[in-house]
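The structure appears below as structure tokens.
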Amino acid sequence: MNIGVLRRDGRTDPFFDGTAAGRLVIRRCEACDRWFAPDEAGCPDCGNEDLGWAEASGEATLVTWTVTHSRDAGQPPAHLALAELAEGPWLHTRLDGVDPASLREGLPLRAVFVHPDEGESYVLFRPWTERHSVR
Ligand SMILES: [Zn+2]
């Protein structure tokens, strides 16, 4: 699955340092005990413009998704998704290892990390079942 080469923009370095190490690092407001997506600029509750970074569990549930078919005939369709992290924030992501028939709202997901030869590592989400956990 090709999503293009990702480059860090300076503002999201901790996020990409995290993905490189197989960790999902997102924004967190210590004062409010609230978590935010990596691209969040400030805390809407307390106005904190200097959000910290913290490692999330990588557990999420599926909120919604769309299937996009590649113009490239050999490529499988991509599943773009909105995932709700266990910590609360919603993340735009892609699904990996998906059986389209199994997709439903609330489906448990886990973060998986991709380390391409070029560009930054990134995170995808994969459906999580008991079957996977005992593998
Ligand atoms: Zn806050």
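In this note's numbering, the protein residues as written are 2 to 136. Cβ coordinates follow ideal geometry from the N, Cα and C atoms, glycine included. These numbers come from a predicted model, not from an experiment.
According to DSSP, simplified to helix, strand and coil, what is residue i?
{"i": "GLY98", "result": "coil"}
{"i": "LEU7", "result": "coil"}
{"i": "ALA61", "result": "strand"}
{"i": "GLY53", "result": "strand"}
{"i": "ALA112", "result": "strand"}
{"i": "PRO117", "result": "coil"}
{"i": "PRO128", "result": "strand"}
{"i": "ARG136", "result": "Here the model assigns ARG136 a pLDDT of 43, short of 50, so the residue's position is not dependable and the matter cannot be decided."}
Can you tell which of the options has the C-alpha that lies nearest to the C-alpha of residue i?
{"i": "ARG1", "options": "GLU56, PHE17, ALA22, ASP18", "result": "In the structure as shown, the chain starts at 2 and stops at 136, and residue 1 therefore has no counterpart that could be examined."}
{"i": "GLY19", "options": "TRP54, GLU85, CYS33", "result": "TRP54"}
{"i": "PRO90", "options": "TYR123, ALA32, ALA79, ILE27", "result": "ILE27"}
{"i": "VAL68", "options": "PRO39, ASP46, CYS44, VAL99", "result": "VAL99"}
{"i": "ARG24", "options": "PRO15, GLU31, ASP40, ALA32", "result": "PRO15"}
{"i": "GLU41", "options": "HIS80, ARG12, PHE17, SER71", "result": "ARG12"}
{"i": "ARG29", "options": "ALA79, HIS93, LEU52", "result": "LEU52"}
State yes or no: is the C-beta of residue i within less than 7 Å of the C-beta of residue j?
{"i": "VAL113", "j": "LEU104", "result": "no"}
{"i": "GLY107", "j": "THR65", "result": "no"}
{"i": "GLU153", "j": "ALA87", "result": "Outside the shown range of the chain, which is 2 to 136, sits residue 153, and nothing can be said about it."}
{"i": "ARG95", "j": "LEU81", "result": "yes"}
{"i": "GLU121", "j": "PHE17", "result": "yes"}
Based on the DSSP output, what are the partners of residue i in its beta bridges?
{"i": "THR67", "result": "LEU81"}
{"i": "CYS33", "result": "CYS33 pairs with nothing; no bridge assigned."}
{"i": "ARG28", "result": "PHE37, TRP54"}
{"i": "LEU86", "result": "ALA61"}
Buried or exposed for residue i, please, with buried defined as at least 16 other CB atoms from any protein chain shown within 10 angstroms of its CB.
{"i": "VAL135", "result": "Low confidence applies to VAL135: its pLDDT is 47, below 50, so where it sits in the model is not reliable, and the reading given next is rough at best. Exposed."}
{"i": "THR130", "result": "exposed"}
{"i": "VAL6", "result": "exposed"}
{"i": "PRO39", "result": "buried"}
{"i": "PRO128", "result": "buried"}
{"i": "ALA84", "result": "buried"}
{"i": "CYS44", "result": "buried"}
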